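Beneath this line is the structure, given in structure tokens, with notes to follow.
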Amino acid sequence: MNRDTLIQAIFNSGSYLCVGLDTDETKLPAPLQGRPDGALLFNKAIIDATRDFCVSYKINTAFYEAMGVRGWEIMQETFDYIPSTHLKIADAKRGDIGNTSHQYARAFFEQMQVDAITVAPYMGEDSVRPFLEYKDKWTIVLGLTSNKGSADFQRLPLQKRSEGLSLVPNVVAGERTELLYEQVLETVASWGTEENLMFVVGATQAAELGHIRHIIPGHFLLVPGVGAQGGSLAEVSKYGMNAGCGLLVNASRAVIYASSGDDFAEAAATVAREYQQEMRGYLPAR
């Protein structure tokens, strides 16, 4: 799915919701518990119930890899079931030396036929480049995450020197020192374009979204953390939206586990519809 098609889907549906299918077999509704196809039936029911209220689905591959071979089969069947009108994201957080990343790209873009994959940029350009070589596919690079450990590296201050950038232990009072995540955004943005690169920015970092928009004004941002993790959709939309929307806001548990009863699909539809209705009010006029 290319950028123009994605933007059109957002404005046609009045939604920039991405539903996260982070399906945990231990949390399936009672009628599906213990069934070998329970996770697949659950995913299909969620997709059927929410497809009119979202533009994308994101599968966190860890939940399926943990099931072994059966999990990979369920993941493939789930991707196949997602309508072609919706962006399909493999949240796999891959990234390795070039020839290995090339195989990861083949696995997800060619075999599983997903539209996008999340990638960790720590190993540099040659670990990301193989993903960017695919036409009408998206590489979604980790930018600024909201987990506690993000401060360990992402917020390390940098000091510009004539020979390049170096880490420094402290930020000088009153001065604005560039942080590592900012350099990552700037550098990675130069590897691709707004047509094939997105960035992950956690919803609990909403206050920094405005600043991030100065660094990467036109790129799409995949924003997890709204809903169960406490991120504010209003704040994310206020600070992160651009003229083409530029946002995919992911909600996983808040949608798929809205109910643990037989009405789980109906409950998921209700929550997804509520997100859509709120999002429609934040979209810019076209």
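So this note's numbering is basically just the index in the sequence shown, starting at one, shifted up by 32. Quick reminder that beta carbons are idealized off the backbone N, C-alpha and C, glycines included. Since the structure is predicted, the reported quantities are computational estimates derived from the model, not experimental observations.
For Met230, the three-state secondary structure derived from DSSP is strand. Using a Cβ-Cβ distance cut-off of 8 Å, the stretch 150-166 and the stretch 233-240 are not in contact, since fewer than three pairs of beta carbons, one from each stretch, lie closer than that value.
A buried status is given to Ile248, since no fewer than 16 other beta-carbon atoms sit within 10 Å of its beta-carbon. By DSSP's assignment, Ile121 forms a beta bridge with Lys90 and Ala148. Beta-bridge partners of Gly66 (DSSP): none assigned.
DSSP places Val255 inside the beta strand (DSSP E), whose first and last residues are Phe252 to Val255.
The three-state secondary structure of Gly272, taken from DSSP, is helix. For Arg318, the three-state secondary structure derived from DSSP is coil. One Cα belongs to Ser159, the other to Ile244, and the distance between them is close to 23 Å.
The straight-line gap separating the alpha-carbon atoms of Asn34 and Asn228 is approximately 8 Å. Assignment of beta-bridge partners to Asn282 by DSSP yields Cys50. The C-beta of Ala148 has 16 or more other C-beta atoms within 10 Å across all chains shown, which makes the residue buried. When C-beta atoms of the stretch 175-187 are compared with those of the stretch 127-145, fewer than three pairs fall below 8 Å, so the two segments do not count as touching. Contact between Gln308 and Leu72 does not hold, since the beta-carbon distance rounds to 25 Å and is not under 8 Å.
Boundaries of the alpha helix (DSSP H) harbouring Gly130: Gly130 to Ala137, taken from the DSSP string. Membership of Ile42 in the alpha helix (DSSP H) is indicated by the continuous run Arg35 to Ser45. Sequence-distant Cβ neighbours of Lys90 in its own chain, meaning closer than 6 Å and more than five residues away, are Cys50, Gly52, Ile121, Asp123 and Asn282.
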